[in-house]
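Enquirer: In my numbering, the protein residues as written are 26 to 230.
Ideal placement from N, C-alpha and C gives every residue a C-beta, glycine not left out.
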Amino acid sequence: MNRWLAAAALSGCAFVMAMPGLAQAQDMAPNELVEKVTSDVLKEIHDNSGVRSGNLNAAREAVDRLVMPHINFPRMTAAAVGPAWRNATQEQRTQVINEFKAMLIRTYAGSLDQIGDLKVVVLPMRAQTDENDVLVRTEVRGGDQPIKLDYRLQRTPGQGHGWKVYNVNVMGAWIVDSYRSQFQSIVNSKGIEGLIDALKKGDVK
Numbered sequence: 026m027n028r029w030l031a032a033a034a035l036s037g038c039a040f041v042m043a044m045p046g047l048a049q050a051q052d053m054a055p056n057e058l059v060e061k062v063t064s065d066v067l068k069e070i071h072d073n074s075g076v077r078s079g080n081l082n083a084a085r086e087a088v089d090r091l092v093m094p095h096i097n098f099p100r101m102t103a104a105a106v107g108p109a110w111r112n113a114t115q116e117q118r119t120q121v122i123n124e125f126k127a128m129l130i131r132t133y134a135g136s137l138d139q140i141g142d143l144k145v146v147v148l149p150m151r152a153q154t155d156e157n158d159v160l161v162r163t164e165v166r167g168g169d170q171p172i173k174l175d176y177r178l179q180r181t182p183g184q185g186h187g188w189k190v191y192n193v194n195v196m197g198a199w200i201v202d203s204y205r206s207q208f209q210s211i212v213n214s215k216g217i218e219g220l221i222d223a224l225k226k227g228d229v230k
């Protein structure tokens, strides 16, 4: 995936799910949540010189603070790993999740300085209000051409965070799908431990 597009996804998808208050987020529809917080999150990127310059520690802190409570990372990682996830131990699953998150931050943090003065426009939703799994469509504008970003969100009652993102489509490429073939190839030849090792070493791009 093009690094600039991936950075747009990271900023427009992941960062976009930060929110000003838990109670407010639980009451919001998914598209309303995206629309409300996007401007605040892009301002965070613009004002945080460490994130903007690609500083890994600054990016990690920002992602952990603003993003991770609102991403269904276990579901995202399980989908990327595929059938082997069922046979992995809980310790292995935790390691894969943590290393996958670290890899995404490590890979794309250096591209955040290219975000510039982008604007995220939330498009009309087509889902019913009682659905628990929805698609939120947006466009990132301000570059040479609009970038289409689609977000799959799942309602997570009882987990305290309302809606959570579990996949992102950047101009036709779903992030989970883009990693699945790499993950499964490694798992088929080296097992889950091989995947953990490959993620740690940066062999997955």
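From S214, W199, G187 and G227, pick the residue whose C-alpha is nearest to that of N56; which is it?
Expert: Considering only alpha carbons, the answer is G187.
Enquirer: Under a three-way DSSP split, which group does R166 fall into?
Expert: Looking at R166 - three-state DSSP - the assignment turns out to be strand.
Enquirer: With a threshold of 16 other CB atoms inside 10 Å of the CB of R177, please say whether the residue is buried or exposed.
Expert: Classification for R177: buried.
Enquirer: Buried or exposed for N192, going by 16 or more other Cβ atoms inside 10 Å?
Expert: N192 should be labelled buried.
Enquirer: Between the alpha carbons of V121 and K144, how many angstroms are there, rounded?
Expert: Distance between the alpha carbons of V121 and K144 is about 33 Å.
Enquirer: Kindly identify the DSSP beta-bridge partner or partners of Y176.
Expert: DSSP lists V161 and V193 as partners of Y176.
Enquirer: Does the Cβ-Cβ distance between L235 and E124 come in under 7 Å?
Expert: Shown here, the chain extends from 26 to 230; a query on residue 235 therefore has no answer.
Enquirer: Just how far apart, CA to CA, sit A127 and L148?
Expert: Each residue's Cα considered, the two are about 30 Å apart.
Enquirer: Report the rounded CA-to-CA distance for G107 versus K68, giving the unit in angstroms.
Expert: Taking the straight line from one Cα to the other gives about 36 Å.
Enquirer: In or out: K226 buried (at least 16 other Cβ within 10 Å) or exposed?
Expert: Label assigned to K226: exposed.
Enquirer: To which residues of the same chain is Q209 closer than 6 Å at the C-beta, ignoring the five residues directly before and after it?
Expert: Closer than 6 Å at Cβ, skipping near neighbours: G107.
Enquirer: Distance, Cα to Cα, Q179 vs D228?
Expert: For Q179 and D228, the distance between alpha carbons rounds to 30 Å.
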